[in-house]
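Colleague: In the UniProt record's numbering, the protein residues as written are 1 to 338. C-beta atoms are modelled at their ideal positions from N, C-alpha and C, and glycine is treated no differently. Would you mind keeping the following structure in view while I ask a few things?
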Amino acid sequence: MMIDSNPPLLHHFGALSSPNPPPPPSNTSSNLKCQVMEECQLPLIDLSGLNSNDQKESVACAAAICRASSEWGFFQVVNHGISPELLKKMRREQELLFQTPFERKSTCGLLNNSYRWGSPPTATSPKHFSWSEAFHIPLTKVSDESCYGEFTSLREVMTEFAAAMSKLARLLANILVENLRHQRNVIDDTCDESTCFLRLNHYPTCPISAEIFGLVPHTDSDFLTILYQDQVGGLQLMKDSKWVAVKPNQDALIVNIGDLFQAWSNDVYKSVEHKVMTNGKKERYSIAYFLCPSNDSLIGSCKEPSIYKQFTFGEYRKQVQEDVKKTGHKVGLPRFLL
Ligand SMILES: C=C1C[C@]23C[C@@]1(O)CC[C@H]2[C@@]12CC[C@H](O)[C@@](C)(C(=O)O1)[C@H]2[C@@H]3C(=O)O
Ligand SMILES: O=C(O)CCC(=O)C(=O)O
Ligand SMILES: [Fe+2]
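Right under this line is the structure:
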């Protein structure tokens, strides 16, 4: 019997689509507009500017971060302080992890039992289905020996990787907070090691159609996300009401603003919708670091009049989960408009 490392995506997708053969996900109006895909270079920011002795240069670098967060909600950073060796080691461990037989990944308690595939499990239509698998791990569990079984080297590398991503995420988030001249340090007050997440994503090749989602369109529910992707491509984001494809850059990490920074900044920083499209020939890997606060953290606007009701992060997550369960998709911030 052949042992498969991939989850039964084809079987599950087929069951959601009828008649035979399965059609691609039905196009929303915004998807229809993107038949000819534009590829974009995200704003590229060299973080070595932040350490410059020339104050003008460090101020300009911080300003570029804030401008991109407001105009694009997305940017890429080079000279980010995470060594290429560590990134390479992390990718190798990620590949080995996902090559583990599906039965084992999904049942043996690996990484805090955080394995998921084709999510959400409640998807009833192809347009809510994600052709991917992931481990979504709370940072508190990253160094926990009991989460790894025989994957001992994964633990060592992932602990180092998570620490480096945390440091970078905090650096960027604090620049964004300071830019709005806010007194309280919202990041240091609400986020710590125990509240953030690391998500290891794997997008197996998809033999059906390039119009199937690797990850359904969504915004991230955090303050900000740092993404380490491979060179395959497939990430797309909304820019000026059009889907544009992100051109991979092997020296860069991608940063995107999440819903909490949009709410806190009263729409100055933008949490932009993004998605991943599948590839028929090449599998794809990425890792996302989510800078999240504790569930009881109150998120309110840093200035008046506020566009959104105040909410705790716990309330926000609950609402997202309820919406995904009921409607198949995340509604997000519009639920909290005043
Ligand atoms: C299918 C879904 C799971 C997800 C919410 C969503 O409707 C869309 C994308 C998913 C995502 C990706 C980023 C974060 O990991 C996450 C917590 C989020 O806010 O959107 C997850 C959601 C999830 O895994 O529950
Ligand atoms: O894999 C990617 O490029 C994006 C992943 C993502 O959006 C997420 O994990 O929230
Ligand atoms: Fe995302």
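Going by beta carbon distance, what residues of the same chain come within less than 8 Å of Q231, once the five residues before and after it are set aside?
Modeller: P248 and Q250
Colleague: How about K242 and E38: do their beta carbons lie closer than 8 Å?
Modeller: Contact flag set, yes.
Colleague: Consult DSSP for N174 and reduce its assignment to one of helix, strand or coil.
Modeller: helix
Colleague: Ordered along the chain, which non-local residues of its own chain (more than five positions away) have a Cβ less than 6 Å from that of A288?
Modeller: Here the set comprises R199, T225 and L227.
Colleague: Hey, is A163 close to ligand 3, as in C-beta under 7 Å from one of its heavy atoms?
Modeller: No, Cβ of A163 sits at least 7 Å from all heavy atoms of ligand 3.
Colleague: Would T140 and S194 qualify as a contact pair, given that the criterion is a beta-carbon distance under 8 Å?
Modeller: yes
Colleague: What runs of the beta strand (DSSP E), each 3 residues or longer, lie entirely inside the UniProt domain "Fe2OG dioxygenase" (192-293)?
Modeller: 197-203, 213-218, 224-229, 235-239, 242-246, 253-257, 274-277 and 284-291
Colleague: Hey, G234 and Y203 are a contact pair by Cβ (cut 8 Å); roughly how many whole angstroms apart?
Modeller: That pair is a contact at about 7 Å.
Colleague: Three or more C-beta pairs closer than 8 Å, one from the region 152-169 and one from the region 257-275: is that the case here?
Modeller: no
Colleague: Of the choices S286, V255, I82 and S5, whose alpha-carbon is the least far from that of K105?
Modeller: Ranking S286, V255, I82 and S5 by Cα distance to K105 puts S5 first.
Colleague: Is it true that the CB of S265 sits closer than 8 Å to the CB of C292?
Modeller: Going by beta carbons, C292 and S265 fall outside the 8 Å limit.
Colleague: Expressed to the nearest angstrom, what Euclidean distance is found between the alpha-carbon atoms of N179 and S306?
Modeller: 18 Å
Colleague: Does the pairing of the region 211-226 with the region 252-265 give three or more beta-carbon distances under 8 Å?
Modeller: yes
Colleague: Thinking C-alpha only, which one of A162, N279 and N256 is nearest P207?
Modeller: N279
Colleague: If you pair each beta-carbon of the region 37-57 with each one of the region 66-86, do three or more pairs fall below 8 Å?
Modeller: yes
Colleague: For the alpha helix (DSSP H) containing P84, list its first residue and its last residue.
Modeller: P84 to F98
Colleague: Ligand 1 and P120: does the residue's C-beta get closer than 7 Å to at least one heavy atom of that ligand?
Modeller: Yes - ligand 1 has a heavy atom lying nearer than 7 Å to the Cβ of P120.
Colleague: Quick one: is the Cβ of R199 within less than 7 Å of any heavy atom of ligand 1?
Modeller: yes
Colleague: Applying the 10 Å Cβ sphere with the 16-neighbour rule, what's the burial state of R181?
Modeller: Counting Cβ neighbours within 10 Å, R181 comes out exposed, since fewer than 16 surround it.
Colleague: Quick check: what's the CA-CA separation for T124 versus K325?
Modeller: Spanning the two alpha carbons is a distance of roughly 10 Å.
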